[in-house]
Amino acid sequence: MAPTTNDESTPPRVPIPGPIIIGAGPSGLAVAASLQRLSVPSLLIERSDSIANLWNHQTYNRLSLHLPKHLCHLPHLPMPKSFPTYPTKSQFMSYLLSYTQSFSLKPIFNSTAVSAQFDPVGVVWRVVVARAGVGEIEYESRWLVVATGENAEPVVPAEEQAMEGFMEKELREYREMLGMSTFELAMDMLKWLPMKMVDRFLVMVAKIMLGNTKKYGLKRPRLGPLELKKTTGKSPVLDIGTLSFIKTGKIKKKEDDLRGLIRYSIVQNCDFFTKEGKPKSQFLNTWKGENGLYCAGFTGKGLLGARTDAVKIASDVAGQWRTLLENKKVVS
């Protein structure tokens, strides 16, 4: 639809028939594809120049998925059978590109969401987007999907020289133990043992493999990894390559170095998000807020959680979409 111009002080306004999706990472792609399968159009915007910016530009080349591929594929399209159990970064990126093409998704790149406000009079979300080479545009829609991801903001070593060495060095991942991944072994143990006992096993393995990290200023979480994931949604991850740099002094730990960057939500006048930009409602209804507001990929359950969110969101929006179409037919 053509933009509506108000005056010189406000950006042109463009109505969008379907949802506005912020973020073209795995979560955003999953929502857009799920909507497309239900014949619901959407506008997918992405601030970077490619899909899955975090995977594409913010990860090292030897990265691999640490969960089996059947837990990490997006909805409606499994990963190829030719892929190994734990696909590499390049394989996962090729899968995402294929996924985008399969569902004819066309993200608008280099477009940053500046603000998003719900208009109770018009019953629409007004999302101001700064598009490179175009300027600001205000999109309006009945539905807004925030799919920016839990790890949207990068945290890098403070010292540029240390960062260069970090990226150049080939990093090793101790992933295999007794012929299977430690996580997979833990999942099998959970069938027979309580979580706390399995956590003790994982902590013991970590101590054997990593040694005493406390002397380097890296304190272990009070809870075990499984209980920590269950209660907070956070996964304790310590890269082996980074740890080796810390041990040799190439990366020096300072009090400010390892703090996460606080990402405030762009969604204004809304009680659904915390100041860190995450849904307040943990694990039950993180995917749905009020007035047509949705979130994808904030459950703390990784790609599997994003997949589940996408299907729920698409189903919920599609129901409303069909009702609107039926009402329009009755009126006409």
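Residue numbers (the numbering used here): 2 to 333.
From the three backbone atoms N, C-alpha and C, an ideal C-beta is built for every residue, glycine too.
According to DSSP, residue pairing for Thr89 in a beta bridge involves Ser65. His77 and Val135 have their C-alpha atoms some 34 Å from each other. Within the DSSP secondary-structure output, Asp120 pairs in a beta bridge with Val125. Just so you know, the alpha carbons of Leu211 and Ala148 end up roughly 34 Å apart. From the listed residues Tyr217, Phe299 and Arg63, the smallest Cα separation to Leu244 is found for Tyr217. When rounded, the separation of the alpha-carbon atoms in Asn54 and Gly26 is 7 Å. DSSP places Leu145 in the uninterrupted beta strand (DSSP E) bounded by Leu145 to Val147. In the DSSP assignment, Ser142 falls outside any alpha helix (DSSP H) and within the unbroken beta strand (DSSP E) covering Gly136 to Ser142. Counting only the Cα atoms, Phe299 lies some 21 Å from Tyr100.
Put simply, the backbone Cα of Lys220 is about 46 Å away from that of Arg38. Segment contact: the stretch 88-99 against the stretch 12-19, fewer than three CB-CB distances shorter than 8 Å; contact not assigned. Taking a contact to require three or more Cβ pairs closer than 8 Å, the stretch 116-134 and the stretch 82-89 do not qualify as touching. A Cβ-Cβ distance of about 6 Å is found for the pair Trp144 and Val318, placing them in contact under the 8 Å criterion. Residue pairing by DSSP places Pro16 opposite Glu141 in a beta bridge. DSSP, read as helix, strand or coil, puts Val32 in helix. Spatial neighbours of Ile109 in its own chain (CB-CB distance under 6 Å, excluding positions within 5 residues in sequence) are listed in chain order as Ile46. With respect to Leu36, Pro20 sits close: the two C-beta atoms are nearer than 8 Å.
Minimum Cα-Cα distance from Leu68 among the listed residues Leu194, Ala187, Cys296 and Gly150 corresponds to Ala187. Counting the other Cβ atoms within 10 Å of the Cβ of Leu227 gives 16 or more, which makes it buried.
Sequence-distant partners of Ala131 (beyond 5 residues in either direction) whose C-beta falls short of 6 Å from its own C-beta, in its chain, are Thr113, Val115 and Glu137.
DSSP places Leu44 in the uninterrupted beta strand (DSSP E) bounded by Leu44 to Ile46. Val128 is a Cβ neighbour of Glu139, given a cutoff of 8 Å.
Counted as a single uninterrupted DSSP element, the alpha helix (DSSP H) harbouring Leu203 occupies residues Met196 to Leu211. Collapsing the DSSP output to three states places Arg132 in a strand. With contacts defined by Cβ atoms closer than 8 Å, Ile23 and Ser43 do not form a contacting pair. With a 10 Å radius around the Cβ and a threshold of 16 neighbouring Cβ atoms, Ser40 comes out exposed.
Annotated three-state conformation of Lys192 is coil, per DSSP. Bounds of the beta strand (DSSP E) holding Leu294 are Leu294 to Cys296. Residue environment: Ser49 is assigned as buried (16 or more neighbouring CB atoms within 10 Å of its CB, all protein chains considered). Val312 carries a helical assignment under DSSP once its states are collapsed to helix, strand and coil.
About 4 Å separates the beta carbons of Phe104 and Ala34, which is inside the 8 Å limit, making them a contact pair.
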